[in-house]
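Peer 1: Per the numbering used here: the sequence shown = residues 21 to 1212.
Glycine residues also receive a C-beta, built at the ideal position from the N, C-alpha and C atoms.
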Amino acid sequence: MIAEPNAASNLPSQKENAVHDETVPESAAQNGTCVRNGNLKTPREKRKVREQCENIRRNSAGSRRVSQLQNGEVVEAVTLFEVVSMGKQAMQSVVVDWVEAYKQDRNVALLDLINFFIQCSGCQGMVTAEMFQSLYKKDVMRKMTETFDKETGLQYKKFMAYPWILTVTWPVNMDNEDYPLIRSGPYWKKFKANFCEFIAVLVQQCQCSILYDNYLMDTIISLLTGLADSMVRAFRHTSTLAAMKLLTAVVNVHLNLDINKHNAQRLYEVEKKRISGKRTSYRLDQLERKRKEYEHKLLEIQNMMNAIFKGTFLNRYRDVIPEIRATCIEEIGSWIKTYPDAFLNDSYLKYVGWMLYDKQAEVRLKCLLGLQGIYSRKELASRMDLFTNRFKDRIVSMPLDKDHEVAVQAMKLLMLMSQNCEDVLSAEDCEMLYQFVYTTHRPLAVAAGEFLYKRLLSHEGGKEVQPKGGGKFGVSTDQLKRLIHFFLESELHKHVVYLVDSLWDWAGKFLKDWECMTTLLLKNAEEAGEALSDAQESTLIEIMLASVREAAEGHPPVGRGAAKKILSIKEKKIQLEDCTKITEHFILVLPQLLAKYSTDAQKVANLLQIPQYYDLNVYSTGRLEKHLDVLLREIKDIVAKHSDMSVLEASSRTYYILCHEEIAIYSQVDCARTQMIDELIKHLNQLLDCFWQKEGGFCTDTGEISRMHSTLRRVAAFHNAHDLTKWNLYDKILRFLMFEMEHGSLPVLIILPALQCTYFSLLWQLAAVSENSPKTLFPLRRELRRFSQICTCFLHHKEKDVREKAFMILCDWLLILSHLDSNNNEDTVGILGYLPNTSLQEKLFSFIQDHVFMDEEEEKKDLTEEGKDETCKLDDLHKKRSLLAAYCKLIVYNVVEMTAAAEIYKYYVKTYSDFGDIIKETLSKMRYNNKIQSAKTLILCLQQLFQTHAESQDSSSGVDFSSPSFANIKELARRFSLTFGWDQVKSRESIAMIHKEGIEFAFQGATGVDGKCLPPNLSFLLIISEFSNKLLKPDKRLVYSYLQRYITEPLPCRGDEWQPLVLYRNSLLANEDEESPVLGSLGEWPPMGSSKTSSFKRKLSDGSLPETSQTEAASKAPEQQCASQLPPAVGKSRKRLKSQEMCLQEHLPFLCPGGLRRRYCKDEVKTEDVSEEGPADDTVEDVDVVGTDQDG
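1) Could you spell out where the alpha helix (DSSP H) holding Tyr925 opens and where it closes?
2) Select from Lys330, Leu406, Arg414 and Ser367 the residue whose C-alpha is nearest the C-alpha of Leu388.
3) Measuring alpha carbon to alpha carbon, tell me which residue in Ala692, Met564 and Asn950 is nearest Glu645.
4) Please return the same chain residues whose Cβ sits closer than 6 Å to the Cβ of Thr459, not counting the five positions on each side in sequence.
5) Identify the continuous alpha helix (DSSP H) that holds Met324 and give its terminal residues.
6) When burial is assigned at 16 or more other CB atoms within 10 Å of the CB, is Leu542 buried or exposed?
7) Can you give the beta carbon distance from Tyr473 to Leu531, rounded, assuming they're within the 8 Å contact cut?
8) Quick one: Cα of Leu903 to Cα of Met828, how far?
9) Answer with buried or exposed for Met946, where buried requires no fewer than 16 other C-beta atoms within 10 angstroms of its C-beta.
10) Thinking C-alpha only, which one of Ala1012, Ser1039, Ile868 and Phe1040 is nearest Ser1061?
11) Quick one: measure Cβ to Cβ for Lys863 and Leu815, integer angstroms, because I've assumed they're closer than 8 Å.
12) Sort Ala921, Glu573, Leu277 and Gly581 by Cα distance to Ala869 and report the nearest one.
13) Is Lys265 closer than 9 Å to Cys216 when the C-beta atoms are compared?
14) Short check: CB of Phe1000 to CB of Ser985, under 9 Å?
15) Verify whether the separation of the beta carbon atoms of His680 and Leu636 is less than 9 Å.
16) In angstroms with no decimal places, state the Cα-to-Cα distance between Glu511 and Leu445.
17) In terms of alpha-carbon separation, which member of Cys777, Gln139, Ile810 and Glu803 lies closest to Gly764?
18) Buried or exposed for Asn135, please, with buried defined as at least 16 other CB atoms from any protein chain shown within 10 angstroms of its CB.
19) According to DSSP, is Trp1002 helix, strand or coil?
20) Under 8 Å by Cβ, that's how I've got Leu376 and Phe411 pegged, so tell me the actual separation to the nearest angstrom.
21) What whole-angstrom Cβ distance do Ser808 and Leu830 have, given they're in contact under 8 Å?
22) For the alpha helix (DSSP H) containing Pro773, name the first residue and the last one.
23) Between Asp743 and Ser781, what straight-line distance do the alpha-carbon atoms span, to the nearest angstrom?
24) Just to confirm before moving on: does the CB-CB distance between Glu824 and Lys899 stay below 9 Å?
25) Is there contact between the region 223 to 237 and the region 122 to 131, where contact requires at least three CB pairs shorter than 8 Å?
26) Give the secondary structure of Thr538 by DSSP, where H, G and I count as helix, E and B as strand, and everything else as coil.
27) With a threshold of 6 Å on Cβ separation, who are the neighbours of Val115 within its own chain once the five nearest residues in sequence on each side are excluded?
28) Under 8 Å from any heavy atom of the ligand NAD, does the C-beta of Leu800 make it?
29) Quick one: give me the first and last residue of the alpha helix (DSSP H) that His680 is part of.
30) When the Cα atoms are used, what is the spatial distance from Ala1036 to Arg256?
31) Can you find the residues in the same chain that come closer than 7 Å, C-beta to C-beta, to Tyr314, ignoring five residues on each side of it along the sequence?
32) If you compare alpha carbons, which of Leu391, Ile753 and Gly331 is closest to Thr358?
33) First and last residue of the alpha helix (DSSP H) that includes Tyr359?
34) CA-CA distance, Leu1146 and Glu1046?
35) Over the uninterrupted alpha helix (DSSP H) stretch that includes Ala684, give me the two end residues.
36) In terms of residue numbering, what span does the alpha helix (DSSP H) encompassing Asp1055 cover?
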């Protein structure tokens, strides 16, 4: 970490005397008087210098005083820093005032500017100066240092700002590790903008006068270069930003001078070519002088640019701080784009290319944005051949970047490269980039959609697509065929909605051309070359459905975007217009499409989803009821032809959407629905009469079973969306299930739809339960229990499909019943409630173990017996995930005991790739419901695994720490710890409870009151030590105090068997006291609160650590010392520490028993008294510095 100086002002309106900057009077500097903080021994001398400097500052800044009202007081902005930070004046006037002051007394004005840069770094210190001429060169080089004074606790930075040697002195305060450029909030963002604007305006204002006086720029460049070499982050960051913006402004000056020089040269050539009679030597001499003047200025500007680039950029573009690296890369991209003649060459481009590999996303993003500015201009892109060849592979791989914004900008850059560079991307590169249209991150998918549309759909080989055959839909037809071909080639046939969504912003015009799509689908095969193949027709129907959904709903599909998009007024208007177009077009065409593809289940299932996006009022307002009759007849015929569940469910949903009571067409649709269901039930009754034979058996004819299966599936599909209670299906269907329970010989084809129909029938009865009186609920309750028993019985059915179906229904059933029990009125509470007993809970988890968490050998054996390929394996995994998710919902909603989650958590690491997301989400939901109980569940899981591991070990040898099973338990604990995130305050109660339960379990079974006998579970402390880093520092002390209750006296723990206790204790003390001795091989227990004799320091000069002395405190009983010798938190006031410790007892009472709590509070008062009387020298804060020479 890099030490940062204090803030110059926490408030923008801080008064003048709050910033202790000192400048040396010009007379003193000219006389060679050396004024440094180290040489001022007495307060009187310091006060005298301060008064002199403040007088000079007031005089020099008198013309730019700014007033600001704050808390009823007028605060004057005196310094340049305060004026710029307040931003109350136009920057132009501020710079003009400074330039006038510079022309009057350049030394005083320059010192004022130097103070400005120092204060912008957040330095609350003193700036002194001495003339370079007063010291020998070797002495100067010796003094160019950055050191830390141990005696005064001050940090020094001495560097050259020609013609001065500047010394910046500031106190080190680690509590204030911020400075203006990194502070958050709108004020400091505005300050950064004002800071950059000030530098740009300063150079612009000086470009015609003092910019070339060989004094101003030399001093500023020397200052910024010196500060940029500092080990202090604030100095480096601020000065690097200033230097980069300075170079940007100088580049603009150089560009203007270059233009003026060329203009002067052209005028000179024109004048010189004139005939001798009209040519004047005076004019030629004047133009020649002006041209030479421009050349001289250009040479000076070039020297300035080289000095800044070599002195700052080359040292800082690989700084350890990513913000500094990003600033450098952002500005070099600006230079290349602004002045390509000077910067667009490999000498500068290589830095941008190298930083494409930076570890920080911010830096990579700046590289891509800079390159976009270059590749967006074709004349510049043509000069990037060498760079493109060198770094193309890296750029092509960057859409895979883990940072989403970097990936998006990389895709946009590749789009520009493909447009403005010929043949830069190979066919393989393009094929890889096209696949990003299927990604879940929508901005990246949209960028890839632009790439796909412009590269493939609207252009081919760099030429715009021309329609092959004229006609009304020529262009749209060609584009649709290209899109269909691309989709079929990509072989991702279930992602059409994502493809359409990616292309929507760019190809919305032809994707909304539904007339063209339906025309292609309805064309006859006799029309040569126009008809589509079967696969192409299926794809086109899917594209048409996805485009209709996108236009009607107006938000991305599931998985792209956390919530529905909020549409603007214009977008809502477009959405309504599209819905009207969809309705008016498909009301006429959809029946024709259904008639043509009535035998194709996949096509029909997709086509039947279109009516849900209709504006149903159009039927009545447009007098289109006859088309509705045609649609209903087609749907009725489709239901009679198909038994595929996707088709039947789509048909059922279409009826449900059209049967809206508030729509004028309700009676017409309801009549058609009732007529269709009557025919369906009549057919079912006929089949039932034939199926059940008189002898109590059933018909085993294959044809009859197949017909019964199809009919039951139709009934189940319509029973899902429509209430069929009045047809009295429940008793008829229940007979199948009861027969199967008693005899167990029914075919699976009948059991599955019968189980589904019975479930839906009971659900419709439950839906009406609030309208019934409590007396009518008792028969329903009997049926609910009987159905639950049937599902429980089917959990052990011989057929796997029946077992899985029964489990899914049972889980949903229990969840619904528990929800009704909690939401119904007092009369119905308890009547419908059905919470599973212990036996049923055990059966449910046993099912999960057997069907989801099966052993690898059993899983391989199962797959081998069934001969499954990869597709079947994926389907099987999907079923397992559905089963586990259904069971986890029971845990989350407290239908089963929360402790059941402990059994699920055991498989978190082992099955992370398949079920890790489900288990993690379960853990998160449980923690949201009850933090403490969730923590107890986690620790219970670890305890059970530990006991299983201990039982498997040899009792004589103890627990083997190196065994794979113990390592797996530790890894599981580490994963559990990661789920708590970075917010330690939010999770403090849960973490503390884990430590409490873990400590009690570890010392469970220890014999003797003194605890000298080795507890059998002591090694469990190694497992809960994985949670120590999640404890807050005060909580660590409290947990340590709780641990001391089980250790009544110091132990000579020299053996390896006590090592878990040693390591766990050290994990609690890891960051408590940097200088406390780590417990070594002797096993001595040092007291908790070893006092600091010296602060932890690092020398700024070489970054080395000095030797620190350690003071052993007197040996006392740890239980007595646990509270009285707690070390105060570094940098915290005693009042704040006291309030924190008192607050612990309120938030974590389970760690503070009565007696210990009273003793803790009492001893804490003693700590306050001791700290009041203790020496102040022992509380010096630490300084942590990282050398800036390391690579970023």
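Peer 2: Concretely, from the data shown:
1) For the purposes of this step, residue 925 is taken as the residue at position 905 of the sequence shown. Ala920 to Tyr925 is the span of the alpha helix (DSSP H), which, as asked, contains Tyr925.
2) The count along the sequence shown starts at 1 and reaches residue 388 at position 368. Of the candidates Lys330, Leu406, Arg414 and Ser367, the one whose C-alpha sits nearest the C-alpha of Leu388 is Arg414.
3) As a working note, residue 645 is residue 625 in the sequence shown. The shortest Cα separation from Glu645 among Ala692, Met564 and Asn950 belongs to Ala692.
4) For the purposes of this step, residue 459 is taken as residue 439 along the sequence shown, with counting starting at 1. The answer, listed in chain order, is Ala465.
5) Numbered from its first residue, the sequence shown carries residue 324 at position 304. Run containing Met324: Ser301 to Ile328, per the alpha helix (DSSP H) assignment.
6) By one-based count along the sequence shown, residue 542 stands at place 522. Answer is exposed; the Cβ neighbour count stays below 16.
7) Residue numbering aside, residue 473 sits at position 453 when the sequence shown is read from its first letter. Residue numbering aside, residue 531 sits at position 511 when the sequence shown is read from its first letter. Not really, about 10 Å apart at Cβ, beyond 8 Å.
8) Here residue 903 refers to the residue found at position 883 of the sequence shown. Here residue 828 refers to the residue found at position 808 of the sequence shown. Distance between the alpha carbons of Leu903 and Met828 is about 7 Å.
9) Within the sequence shown, residue 946 is the residue found at index 926, counting from 1. Under this definition Met946 is a buried residue.
10) For the purposes of this step, residue 1061 is identified with residue 1041 of the sequence shown, where counting begins at 1. When each option's Cα is compared against that of Ser1061, the closest is Ala1012.
11) Translated into the one-based positions of the sequence shown, residue 863 becomes position 843. Translated into the one-based positions of the sequence shown, residue 815 becomes position 795. 6 Å between Cβ atoms; contact.
12) Counted from its first residue, the sequence shown places residue 869 at position 849. As written in the sequence, residue 869 is Gln, which differs from the Ala given in the question. Per the Cα distances, Ala921.
13) Taking the sequence shown and counting its residues from 1, one reaches residue 216 at position 196. Taking the sequence shown and counting its residues from 1, one reaches residue 265 at position 245. Cβ distance < 9 Å, so Cys216 and Lys265 count as in contact.
14) Here the question's residue 1000 lines up with position 980 in the sequence shown. Here the question's residue 985 lines up with position 965 in the sequence shown. No, these two residues do not count as a Cβ contact at 9 Å.
15) Your numbering for residue 680 matches position 660 in the sequence shown. Your numbering for residue 636 matches position 616 in the sequence shown. For His680 and Leu636, yes; Cβs fall inside 9 Å.
16) Reading the sequence shown from its first residue, position 491 is the one you call residue 511. Reading the sequence shown from its first residue, position 425 is the one you call residue 445. Cα-Cα distance, rounded: 22 Å.
17) Against the sequence shown, residue 764 aligns to sequence position 744. Among Cys777, Gln139, Ile810 and Glu803, the Cα nearest to that of Gly764 is on Ile810.
18) To locate residue 135, count along the sequence shown from 1; it is residue 115. Burial call: buried.
19) Position 982 of the sequence shown, counted from the start, is the residue given in the question as residue 1002. Coil at Trp1002, not helix or strand.
20) Counting from one through the sequence shown, the residue named residue 376 turns up at place 356. Counting from one through the sequence shown, the residue named residue 411 turns up at place 391. That pair is a contact at about 6 Å.
21) As a first step, residue 808 must be located in the sequence shown, where it is residue number 788. As a first step, residue 830 must be located in the sequence shown, where it is residue number 810. Indeed they touch by this definition, with Cβ atoms about 7 Å apart.
22) On the sequence shown, residue 773 is found 753 positions in, with the first residue counted as 1. Residues Val768 to Ala787.
23) By 1-based counting over the sequence shown, the position of residue 743 is 723. By 1-based counting over the sequence shown, the position of residue 781 is 761. CA-to-CA, the gap between Asp743 and Ser781 works out to about 8 Å.
24) Position 804 of the sequence shown, counting from 1, holds the residue named residue 824. Position 879 of the sequence shown, counting from 1, holds the residue named residue 899. Yes. Within cutoff.
25) yes
26) Position 518 of the sequence shown holds residue 538. Three-state DSSP puts Thr538 in a helix.
27) Stepping through the sequence shown from its first residue, residue 115 is reached at position 95. Result list for Val115: Val221, Leu222 and Gln225, in chain order.
28) You won't find the ligand NAD in this model; it holds no ligand whatsoever.
29) Here the question's residue 680 lines up with position 660 in the sequence shown. Unbroken run through His680: none, as it is neither H nor E.
30) Along the sequence shown, one-based indexing puts residue 1036 at 1016. Along the sequence shown, one-based indexing puts residue 256 at 236. It is worth fixing the name first, because residue 1036 is Pro in this sequence and not Ala. Each residue's alpha carbon lies about 56 Å from the other.
31) The residue given as residue 314 occupies position 294 in the sequence shown. Excluding sequence neighbours, Tyr314 sits near Leu277, Asn280, Lys281 and Ala284.
32) By 1-based counting over the sequence shown, the position of residue 358 is 338. For Thr358, the nearest C-alpha among the options comes from Leu391.
33) Taking the first residue of the sequence shown as position 1, residue 359 is located at position 339. Premise fails: Tyr359 is in no alpha helix (DSSP H) and is neither H nor E.
34) Here residue 1146 is taken as the residue at index 1126 of the sequence shown, counted from 1. Here residue 1046 is taken as the residue at index 1026 of the sequence shown, counted from 1. Only weak support is given to the placement of Leu1146: the predicted model assigns it a pLDDT of 31, under 50, and the value that follows is read from those uncertain coordinates. Going by the C-alpha atoms only, they are around 23 Å apart.
35) Translated into positions along the sequence shown, residue 684 becomes position 664. Neither: Ala684 is in no alpha helix (DSSP H) and is coded neither H nor E.
36) The sequence position of residue 1055 within the sequence shown is 1035, counting from 1. Here the alpha helix (DSSP H) through Asp1055 covers Lys1053 to Gln1064.
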